[in-house]
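J.: Protein chains in written order, with this note's numbering: chain S, 1 to 282; chain Y, 1001 to 1357. Every residue gets a Cβ at the ideal spot worked out from N, C-alpha and C, and that includes glycine. In this text, all values refer to a predicted model and were calculated from it rather than measured experimentally. Sharing a structure, written as structure tokens. Questions coming.
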Ligand SMILES: Nc1ncnc2c1ncn2[C@@H]1O[C@H](COP(=O)(O)OP(=O)(O)OP(=O)(O)O)[C@@H](O)[C@H]1O
Ligand SMILES: [Mg+2]
């Protein structure tokens, strides 16, 4: 709409600003909370303006440790989360690319059986099959390590389906031209299919990274060793301080830090991500 | 350059056979056009030559080597697709170089060949662009370039001009012709456009519903169409077909009680038969009323600048006939024109089999 009506412009801006404020307010509160000391955070009313403790709290999070016995370093938890999120995102993308490639481009016996087997797993997210999955992971000796944290979450069908759809939109002639040019199946995959789907891969990476980063239930089950805790778990546990009041200033600081990697991923991949969701030209 | 021999090729998808035994012998350096209406199986035939489609029976050989079971890349062919199928993420240079890279050509050779092809096709300025930054005609040329750099034995084209606008199509047609004269690579070209076929082909293969109706030079096909189908398919406006009975001595064709026209003297052995006469619109000429003229009641006329197309009916016949007369004629509706056609331009077909008599 290209109209020049000051009132309408004013009004729509007001709505937009209000929307931004609603979304941003909790983040602001988190930031404010992270910049006060423990005592101020137990007094009512809660502060709305930042205090002067931000860097002290930051040091507490990284150096002194958080949690009940102050033994947990936010740095280690973030590192664990980062590894978990990366393994889930990258693992899922690799596996689904390959399985979608097989399903779309190869005619092998029982192809449709495999297709439906993958399809069925759509209806069985980790939360539903949590007990048998735990059993399997435990028997494989994967408790308390990165494999146990990630492998069960990697196996899922959503990404396979997405890539199947993407590959189906790639014109057959591209494959045929590549065949005449002399490309074998894996060459075609590497030289043509991957670059052509690169925006979709980026979009999926963003989604899966955040999905992996935010995992809570599964890491809670699979890790008992504190050195394997993830950040989301860590925050939850800090809230459950047994005797004392929760240390809100540190919780807020940790939360703030936990938001940073997903935000960085989104910002870094924004251009590709949006292209991946909107682009249709192949 | 190579000879391509197609023997008894059939193709079935499941139970349905879509090609029923095609035979063609394509000579070295020849430009062959496979032409036919949509769905007749032209692309299927071409794709079998390329190795993209399995051959149900029969053999295809390129230079005396049976290629039935060879992968496309081992057949030494190159193909231009209807939608060009350029690799969207590669530059023009890379698009052309890709096939050479896979064949392990040295960097220097690749550069040399691509530059040469680019020069030939006037793509030098565009080598760093991506396909999406090119116009339709430029994309078409890149697709050609991708074939040329490989220096294959056979070029295959599947309706490469059908995505271009009319003017560009005429221009590219000319360039294709020039290119072929220069490179002299055996080319097989599929199209449904009869004008394209007539102007490009050294010889045409006319396919209808999976059968090769006739194979020959454009002139052959125009002057001596072997079947009703070929007669009606080639030429624009299309040939007129009129039911008639041949007189006992074979010298006259009776169109109705009042209309008789003389025939060429070669048609004696079909005396007394029911036939279909075929007369091309451009072979009619205006004349004075006479014994053996066709009285055409004008329905309407179209002016095409250099000539006028007249649509009208013969007495006792409801079908519209077309006549193409040179110059501009202002003719009002329902006027009766008297037309003749030289006997040697009158084709006779057996109405049952559709074959030429
Ligand atoms: N994969 C397939 N399975 C079944 N039938 C097919 C398949 N591919 C093509 N056909 C049939 O084979 C026939 C020939 O198809 P083909 O693509 O060769 O036609 P064409 O002459 O190239 O037509 P057009 O000018 O429209 O491209 C058609 O009747 C089509 O329906
Ligand atoms: Mg076709």
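Using a Cβ-Cβ cut-off of less than 8 angstroms, list which residues of the stretch 1320-1334 of chain Y approach chain S; keep chain order.
T.: Cβ contacts with chain S come from no residue of the stretch 1320-1334 of chain Y.
J.: List, in chain order, every chain S residue whose beta-carbon is nearer than 9 angstroms to that of residue 1073 (chain Y).
T.: Per Cβ cutoff of 9 angstroms: 179, 180, 181, 182, 183 and 184.
J.: Just checking, does the stretch 1120-1127 of chain Y make contact with the stretch 194-214 of chain S on the three C-beta pairs under 8 angstroms criterion?
T.: Touching, no, given that fewer than three Cβ pairs across the two stretches are closer than 8 angstroms.
J.: State yes or no: is the beta carbon of residue 1031 (chain Y) nearer than 7 angstroms to at least one beta carbon in chain S?
T.: No - not a single Cβ of chain S is within 7 angstroms of the one on residue 1031 (chain Y).
J.: Please tell me whether, using a cut-off of 6 angstroms, the distance from the CB of residue 1043 (chain Y) to the nearest non-hydrogen atom of ligand 1 is below it.
T.: Indeed, a heavy atom of ligand 1 lies less than 6 angstroms from the Cβ.
J.: Give, in chain order, every unbroken run of the alpha helix (DSSP H) that is at least 4 residues long and sits entirely within the stretch 75-140 of chain S.
T.: Those alpha helix (DSSP H) runs which fall completely within the stretch 75-140 of chain S and span 4+ residues are 111-121 and 130-139.
J.: Can you give, in chain order, each stretch of the alpha helix (DSSP H) that sits fully within the stretch 185-213 of chain S and has at least 4 residues?
T.: Correct list: 198-213.
J.: Under the rule that 16 or more other beta-carbon atoms within 10 Å means buried, what is residue 197 (chain S), buried or exposed?
T.: It is buried - the Cβ of residue 197 (chain S) has at least 16 other Cβ atoms within 10 Å.
J.: Using the C-alpha atoms, what's the distance from residue 1177 (chain Y) back to residue 1018 (chain Y)?
T.: One C-alpha to the other measures close to 30 angstroms.
J.: Assuming residue 1004 (chain Y) and residue 1049 (chain Y) are in contact, meaning their beta carbons sit under 8 angstroms apart, how far apart are those beta carbons, in whole angstroms?
T.: The Cβ separation is near 7 angstroms, so the contact holds.
J.: Tell me which residues of the stretch 189-208 of chain S have at least one Cβ-Cβ distance to chain Y shorter than 9 angstroms, keeping chain order.
T.: Answer in chain order: 191, 192, 195, 196 and 198.
J.: Put residue 1329 (chain Y) into one of helix, strand or coil per three-state DSSP.
T.: Residue state, collapsed to three classes: coil.
J.: Start and end of the alpha helix (DSSP H) containing residue 146 (chain S)?
T.: Here the alpha helix (DSSP H) through residue 146 (chain S) covers 146-154.
J.: Sorted by chain position, which residues of the same chain lie with C-beta nearer than 6 angstroms to residue 1289 (chain Y)'s C-beta, five sequence neighbours on each side aside?
T.: The answer, listed in chain order, is 1338.
J.: Check whether the stretch 1084-1097 of chain Y and the stretch 1175-1190 of chain Y are in contact - that is, three or more C-beta pairs closer than 8 angstroms.
T.: Flag = no, the stretch 1084-1097 of chain Y and the stretch 1175-1190 of chain Y do not touch.
J.: Is there contact here, the stretch 221-231 of chain S with the stretch 1005-1015 of chain Y, by at least three beta-carbon pairs under 8 angstroms?
T.: The answer is no - the stretch 1005-1015 of chain Y does not touch the stretch 221-231 of chain S, with fewer than three Cβ pairs under 8 angstroms.
J.: Among Y:1329, Y:1296, Y:1352 and Y:1316, which one has its Cα closest to the Cα of residue 1340 (chain Y)?
T.: Per the Cα distances, Y:1296.
J.: Using a C-beta to C-beta distance shorter than 8 angstroms, which residues of chain Y count as neighbours of residue 171 (chain S)?
T.: 1083 and 1085, listed in chain order.
J.: Between the alpha carbons of residue 50 (chain S) and residue 79 (chain S), how many angstroms are there, rounded?
T.: The straight-line gap from Cα to Cα measures roughly 28 angstroms.
J.: By the three-class DSSP mapping on this structure, what secondary structure does residue 282 (chain S) have?
T.: No answer about residue 282 (chain S) holds up, because its pLDDT of 49 lies below 50 and its placement is not dependable.
J.: So is residue 4 (chain S) buried or exposed if we call it buried at 16+ other beta carbons inside 10 Å?
T.: That one is exposed.
J.: Just how far apart, CA to CA, sit residue 1110 (chain Y) and residue 165 (chain S)?
T.: Taking the straight line from one Cα to the other gives about 35 angstroms.
J.: Nearest-angstrom Cα distance between residue 1245 (chain Y) and residue 1257 (chain Y)?
T.: Approximately 11 angstroms, taken between the alpha carbons.
J.: Within the continuous beta strand (DSSP E) that includes residue 1021 (chain Y), where are the two ends?
T.: Where residue 1021 (chain Y) is concerned, the enclosing beta strand (DSSP E) stretches over 1016-1026.
J.: Use the C-beta contact count for residue 1300 (chain Y): other C-beta atoms within 10 angstroms, 16 or more gives buried, fewer gives exposed.
T.: Exposed is the call here.
J.: Considering only the alpha carbon of each residue, which of S:178, S:145 and S:174 lies closest to residue 81 (chain S)?
T.: Minimum Cα distance to residue 81 (chain S) is reached at S:145.
J.: Please name the residue, chosen from Y:1191, Y:1163 and Y:1311, that lies closest to residue 1325 (chain Y) on a Cα-to-Cα basis.
T.: Measuring from the Cα of residue 1325 (chain Y), the nearest candidate turns out to be Y:1311.
J.: In or out: residue 93 (chain S) buried (at least 16 other Cβ within 10 Å) or exposed?
T.: Residue 93 (chain S) should be labelled buried.
J.: Run through chain Y and tell me which residues come within less than 8 angstroms of residue 187 (chain S), C-beta to C-beta.
T.: Ordered by position in chain Y, the residues that pass the 8 angstroms Cβ test against residue 187 (chain S) are 1102.
J.: By the 10 Å Cβ neighbour count, where 16 or more other Cβ atoms means buried, how is residue 63 (chain S) classified, buried or exposed?
T.: Exposed, since its Cβ has fewer than 16 Cβ neighbours within 10 Å.
J.: Run the CB neighbour count on residue 1078 (chain Y), radius 10 Å, all protein chains shown included, and call it buried at 16 or more, exposed below.
T.: Burial call: buried.
J.: Spatial neighbours of residue 1237 (chain Y) within its chain, please: CB distance less than 8 angstroms, with the 5 preceding and 5 following residues excluded, ordered by chain position.
T.: Result list for residue 1237 (chain Y): 1281, 1309, 1322 and 1324, in chain order.
J.: Just to confirm the assignment, what range does the alpha helix (DSSP H) spanning residue 1094 (chain Y) have?
T.: Taken as a continuous stretch (DSSP letters only), the alpha helix (DSSP H) holding residue 1094 (chain Y) covers 1092-1102.
J.: Starting from residue 1338 (chain Y), follow its DSSP beta bridges and name the residues at the other end.
T.: Beta-bridge pairing links residue 1338 (chain Y) to Y:1295.
J.: Please look up how many angstroms separate the CB atoms of residue 1368 (chain Y) and residue 1346 (chain Y), rounded, as I've assumed it's under 8 angstroms.
T.: The question about residue 1368 (chain Y) has no answer here: the residues shown for chain Y are numbered 1001 through 1357.
J.: Who are the neighbours of residue 1077 (chain Y) on chain S, taking C-beta pairs under 9 angstroms?
T.: Per Cβ cutoff of 9 angstroms: 180.
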